[in-house]
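Read through the structure below, which is laid out as structure tokens, and then see the notes.
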Amino acid sequence: MNEMCFLYTLSSNVLSYIFLFCILSSVSFGDETDHLALLSIKKHITSDPYQIMPLWNDSIHFCNWTGIVCDHQRVVSLNLGYRGLSGSISPAVGNLTFLRELCLYCNDFTGKVPQEVGRLSRLRRLDIWNNSLSGEIPSNISRCSNLVDLEMSRNNFIGVIPNEFESLTKLQRLLVYSNELTGEIPKFIGNFTSLTYISGWENHFQGNIPNTLGQLSNLWHFNFGLNNLSGILPVSFFNISSLKEIFLFYNQIGGNPPSDIAQIFLGLTVLSLARNKFSGPIPLSLSNATNLIILALQGNAFTGSVPSFSRVQSLNYFVVEGNQLGNGKSDNLNFVSSLANCTNLRNLGFGTNNLGGVLPKSMFNFTLLTELIAGENLISGNIPSEVGQLVNVRRLFLSSNQLTGRIPDSIGNLENLGVMGLNNNLLSGFIPSSLGNLTLLSKLYLQHNKLEGRVPPGLSNCRGLQVLDLSRNNLSGYIPKGIFGLSSLTISLNLSNNRFVGSLPTEVSALQNLVAFDVSNNMISGIIPFVLGSCTSLVELSIARNTIEGEIPTSLRSLRGLEVLDLSRNNLTGRIPEYLGEFLFLKTLNLDLNGFDGKFPELGAFRNKSIVSIYGNAKLCGGLPEFQLPKCSSEESSRKKQIPLSLLTTIPIISVLFVLIVVVIFCCFCKRKKAPTESSSEDGSFPQVSYQSLHEATDGFSSANLIGSGKFSDVYKATLHRKNEPQFVAVKVLKLTVHGADRSFIAECEALRSIRHRNLVKVLTSCSSLDFQGNDFKALVYSYMVNGSLEDWLHHNQDVGLSFLQRLNIVIDLAGALDYIHRQCGSLMIHCDIKPSNVLLDSDLVAHLGDFGLARFVHPDSSTTHTSSLGIKGTIGYAAPEYGMGSKVSTYGDVYSYGILILELFTGNRPIDDMFGDALSLHSFVKMAIPDRVMEISDPVLFRTREEGNMATDARDSEMHDGIEGCLTSVYGIGIACSTEIPGDRIEISKALNQLQFVKKTFLKGRLTRRIRRTL
């Protein structure tokens, strides 16, 4: 008996050990499977700015790796969101079979989503939002039958939502917005009875909204805005009583919303039907929608009156513009007064309707209002002085009404105002000087009123002004020179149809980025200023109907982008310049009623009578027959006939000249060893340039023309002539008394001789000669960059400043230039001196890398340099730390300097700022601050500047902060990854370029989203 018990016990223990061994073996096997899968995922990542992947190593168990969560040694969560990663998604992710959460959002993964994801049967959450993934949505995801949350938005997916997704019946959230998806909204979505949130906006969905949606009794958020949906809302749609947020903006849906819509959706907080084809009256029940926060009905065909909203207190956004509301009667604006309890109202828009009445003073109690749009109605009366209470307003449009009286002085209290339109009214009196307080103003529209008097000089305080339109008023006096000095004016300056006097001042040269300039129909006198040729961005220029005299200056030849040029009805004389015919984009050239004379040109635009108008110039002759001008005088033709005879009389003279030329050539040949020859540019822009011509072009190298100075050189602004036409250039004169300057000159000549790229400075020619005292003289001549250096914009020109997007474009330009010299220009070149003062900005703020005086070529078979300059390897603060320890130059050094420049550009702090002691650097300062203190360390000018779309003013919104904060975090991460101390840990410039381009794409997508929401 005891023996039997012993055997039984023994066998039981053996079985237990075998069972335990099997469990341990399976765990070990699964452990290794997950380990290998993670290593494959790591291998597919090509860029890692936050250096996450180096932490994925075998010094610790993979369950402790960043972004990994395990349960019983199996990976259940992989979360690498917001890491700035690039690469592709490894198919091995399908081997993580215990995975319940896969989150790769906000990175730059490309390629297709692998079908192997379908093997993750336990997956509950798949989030790949905001990447660059493409192709069709994999149908195998349908095998992840436990999915609750599927987020695939902001990628480049195409095709339709797969029919296989019909099996995902447990879904609660489905987000596919901002892709390129097509087809109809699938009917099977009606079977997802647990669905609470669905968003497919900004795609190409079409067709009707399916009836089956009525089965989604738990749905509270429905967003299919920005698609091509049509038809009418199905009856079943109004069975979804749980709906709180309805977004259908920018579609083609029509019909009349039910009058009891607010009773159907009792919890309604958002109703966005903007830009559709809805008609009929605004549902009266909305006046009882006490939870309503957003009401966006603009851009439809609603009629009748706007109901009262006195019972609604939570409204934040109320926009009904662009309909057919109102009938011009005095009670049409009563609804505005009914909004008095909506103390959180931010957006109020009822423009482009038929609303009459006067502006109720109660409207100006909405002190949190950021946007007021009431233009294009039948509103009369004065602008109440209470308008000054809207201290947070950023966009104010009261244009195209019947407003009378003066513009109240209190409007100067709106210090946050970015855009104001009071145009097309009956306003009179003076322009209030208080407008000079609106320093954030970017666009000011006052045209087509009855304003009089002088333009207040204080308008020149609006240093960010991009559009100024004062046309069609009764303004008089001189135009303040400060207006012409606003370099921020980039879109339009229209002063036409007033009574301005005086001449156009030379300050007009500051408008180098201006696109449209119109001073027509005034009493402007004098001549066309020569400096007008500096305004090289001009597309439209009109100075018609004035008393301007003299000839068309040759400097206008530089305005090659002109599409419209109107010089008609002046007192201009002389020949019509032939170069105007060379303007490739010219659509209108009006030279009517002047005093031009001589032969009319026959080339280019002058061959097209539909483009050129020359009526009323009686002294013109010749030209093509369709212009019906008289033939030129016989005197001119007889001169041509006498040419052979005169040629005979000049033969002896030519012979003498020939002998003299031979003597001169011989003398020059003898002196060749004594004085170096003058070099010419490859493109022949300046075949020769002498010391004398450079001396004259710079007024004797006058300090007034000095625009920069360094250790080895001074840079002057100059005007040289090509074919008798002036061209602004920059002349870099070497300080040959400084040891090393001569070798710097050779290095720069060698570098610039070998490279051509849109983001590198263009050398026109060089001069190596003797000055008037017989001393050696060396200079390089570059294209002139009208916006100076990045150093100036960062540390000397902060009144205007650079926006976030402009700075981002600059670092992308520089990355492209470095990638070119490092990899694409034939021989490997290292710049060795990347810093803001060596970055020059053209009229479009495109960055050009300059100063190649320290540049070095590296032979492909060695690390030695071909061209050097005294062993100098950069500037303190920007030079790579390894250079200080005697290391040879490398591309890593340029990447380091570039990274420091990124950090300086976005923080506004120099790398050698006093705030950085021995224990702190710009690199460590930024690294410690991200991601939590990004906004705190960034240059505050970033949030003062603005670009098209009012970015600066939006920067105060939390949504804008969120958008720019994430992008700033990414940019700082790239700057840090470039400027790490160990050279081998720095990312390649090509990867930095790719990541910055992705940041730009993300930012522009976000800005588009914000613009769309502003229009709701």
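Residue numbers (my numbering): 3 to 1018. Glycine is no exception: its CB is placed at the ideal position from the N, C-alpha and C atoms.
Exposure of A699, with buried meaning 16 or more beta-carbon neighbours within 10 Å: Along the sequence shown, read from residue 1 onward, the residue named residue 699 stands at position 697. That one is buried.
Within 8 Å, strictly: CB atoms of P985 and E906: Against the sequence shown, residue 985 aligns to sequence position 983. Against the sequence shown, residue 906 aligns to sequence position 904. Not a contact, by the Cβ cut-off of 8 Å.
Alpha carbon of Y480 to alpha carbon of V717, nearest angstrom: Numbered from 1 along the sequence shown, position 478 holds the residue referred to as residue 480. Numbered from 1 along the sequence shown, position 715 holds the residue referred to as residue 717. Y480 and V717: Cα-Cα distance of roughly 36 Å.
Rounded C-alpha distance that separates I485 from L235: The residue labelled residue 485 in the question sits at position 483 within the sequence shown. The residue labelled residue 235 in the question sits at position 233 within the sequence shown. Rounded to whole angstroms, I485 to L235 spans 53 Å at the Cα level.
Chain-order list of residues whose beta-carbon lies under 7 Å from that of K643 (same chain, five-residue window excluded): As a first step, residue 643 is located in the sequence shown; it is residue number 641 there, counting from the start. At K643, the pLDDT of 42 sits below 50, so the modelled position is not reliable; the number obtained from the coordinates is stated separately. Closer than 7 Å at Cβ, skipping near neighbours: no residue.
I130 beta carbon less than 8 Å from that of N97: As a working note, residue 97 is residue 95 in the sequence shown. As a working note, residue 130 is residue 128 in the sequence shown. Contact: no.
Touch test, the region 553-569 against the region 592-607, Cβ-Cβ under 8 Å, three pairs minimum: yes
Same chain, Cβ closer than 6 Å to C65, neighbours up to 5 away in sequence not counted: Locating residue 65 in the sequence shown gives position 63, counting from the first residue. Counting only Cβ-Cβ distances below 6 Å, and skipping sequence neighbours, we find C72.
Cα-Cα separation, D471 to V521: Counting from 1 along the sequence shown, the entry for residue 471 is found at position 469. Counting from 1 along the sequence shown, the entry for residue 521 is found at position 519. Going from the Cα of D471 to the Cα of V521 covers about 11 Å.
Buried or exposed (CB count within 10 angstroms, at least 16 for buried), I413: Looking up residue 413 in the sequence shown gives position 411. Flag for I413 reads buried.
Residues bridged to H46 (per DSSP): The sequence position of residue 46 within the sequence shown is 44, counting from 1. Paired residue(s): none; H46 is not in a bridge.
C623 (DSSP reduced to helix, strand or coil): Stepping through the sequence shown from its first residue, residue 623 is reached at position 621. In this structure, C623 counts as strand in the three-state DSSP scheme.
Cβ-Cβ distance between L540 and L506 below 8 Å: Indexing the sequence shown from 1 puts residue 540 at position 538. Indexing the sequence shown from 1 puts residue 506 at position 504. No, the Cβ-Cβ distance between L540 and L506 is not below 8 Å.
Length at least 3, wholly inside the region 695-745: the beta strand (DSSP E) runs in chain order: 708-711, 715-724 and 727-736
Under the three-state DSSP convention, the category H824 falls into: Taking the sequence shown and counting its residues from 1, one reaches residue 824 at position 822. Note: H824 maps to helix in three-state DSSP.
Boundaries of the alpha helix (DSSP H) in which L907 is found, first to last residue: Here the question's residue 907 lines up with position 905 in the sequence shown. T893 to T909 is the extent of the alpha helix (DSSP H) around L907.
Neighbourhood of Y974 by C-beta, 6 Å cutoff - its chain only, sequence neighbours within 5 removed: The count along the sequence shown starts at 1 and reaches residue 974 at position 972. So the list reads V928 and I932, once near-sequence residues are dropped.
Residue burial classification, K719 (beta-carbon count within 10 angstroms, cutoff 16): Locating residue 719 in the sequence shown gives position 717, counting from the first residue. Classification of K719: buried, given that the 10 Å Cβ count is 16 or more.
Presumed contact (8 Å Cβ cut-off) between L297 and T271, rounded CB distance: Working through the sequence shown from its first residue, we reach residue 297 at position 295. Working through the sequence shown from its first residue, we reach residue 271 at position 269. Not really, about 10 Å apart at Cβ, beyond 8 Å.
Distance between S436 and L782 (C-alpha atoms, nearest Å): Translated into the one-based positions of the sequence shown, residue 782 becomes position 780. Translated into the one-based positions of the sequence shown, residue 436 becomes position 434. One C-alpha to the other measures close to 48 Å.
Rounded separation between L128 and T198 - CA only: Residue mapping note: residue 128 aligns to position 126 of the sequence shown, counting from 1. Residue mapping note: residue 198 aligns to position 196 of the sequence shown, counting from 1. Cα to Cα, the separation comes out at about 17 Å.
Cβ neighbours of M55 in the same chain (closer than 7 Å, five flanking residues each side left out): Locating residue 55 in the sequence shown gives position 53, where the first residue counts as 1. Excluding sequence neighbours, M55 sits near K44 and I47.
Distance, E542 Cα to G528 Cα: Position 526 of the sequence shown, counted from the first residue, corresponds to residue 528. Position 540 of the sequence shown, counted from the first residue, corresponds to residue 542. One C-alpha to the other measures close to 21 Å.
DSSP beta-bridge partners of T68: Within the sequence shown, numbered from 1, the residue matching residue 68 stands at position 66. Bridge partners of T68: none, in fact.
Cβ-Cβ separation, V77 to L101 (assumed contact under 8 Å), whole Å: What you label residue 101 is simply residue 99 of the sequence shown in a count that begins at 1. What you label residue 77 is simply residue 75 of the sequence shown in a count that begins at 1. Contact holds; Cβ gap of about 6 Å.
A931 - containing alpha helix (DSSP H), residue span: Within the sequence shown, residue 931 is the residue found at index 929, counting from 1. It spans L924 to A931 - the alpha helix (DSSP H) in which A931 sits, taken as one unbroken run.
Nearest-angstrom Cα separation, counted from S281 out to L561: Against the sequence shown, residue 561 aligns to sequence position 559. Against the sequence shown, residue 281 aligns to sequence position 279. Spanning the two alpha carbons is a distance of roughly 49 Å.
Beta-carbon proximity of L106 to L125, cut-off 8 Å: By one-based count along the sequence shown, residue 106 stands at place 104. By one-based count along the sequence shown, residue 125 stands at place 123. Cβ distance not < 8 Å, so L106 and L125 don't count as in contact.
Beta-carbon proximity check, G597 vs N619, cutoff 8 Å: Along the sequence shown, one-based indexing puts residue 597 at 595. Along the sequence shown, one-based indexing puts residue 619 at 617. Yes. Within cutoff.
Cβ-based burial, E628 [other Cβ within 10 Å; buried from 16]: By one-based count along the sequence shown, residue 628 stands at place 626. Exposed.
From N379, T372, N394 and P410, residue whose alpha carbon lies closest to that of I385: Here residue 385 corresponds to residue number 383 of the sequence shown, with the count starting at 1. The shortest Cα separation from I385 among N379, T372, N394 and P410 belongs to P410.
N415 versus V393 - alpha carbon distance: The residue labelled residue 415 in the question sits at position 413 within the sequence shown. The residue labelled residue 393 in the question sits at position 391 within the sequence shown. Computed Cα separation, rounded: 6 Å.
For V360, the first and last residue of its enclosing beta strand (DSSP E): Stepping through the sequence shown from its first residue, residue 360 is reached at position 358. Note, V360: beta strand (DSSP E), G358 to V360.
Residues sharing a beta bridge with M422, DSSP: Here residue 422 refers to the residue found at position 420 of the sequence shown. L398 and L446.
Cβ-based burial, M962 [other Cβ within 10 Å; buried from 16]: For the purposes of this step, residue 962 is identified with residue 960 of the sequence shown, where counting begins at 1. Unreliable placement is indicated for M962, whose pLDDT of 49 sits below 50; no coordinate value is reported for it.
Distance between I878 and Q694 (C-alpha atoms, nearest Å): Stepping through the sequence shown from its first residue, residue 694 is reached at position 692. Stepping through the sequence shown from its first residue, residue 878 is reached at position 876. When rounded, the distance between both Cα atoms is 37 Å.
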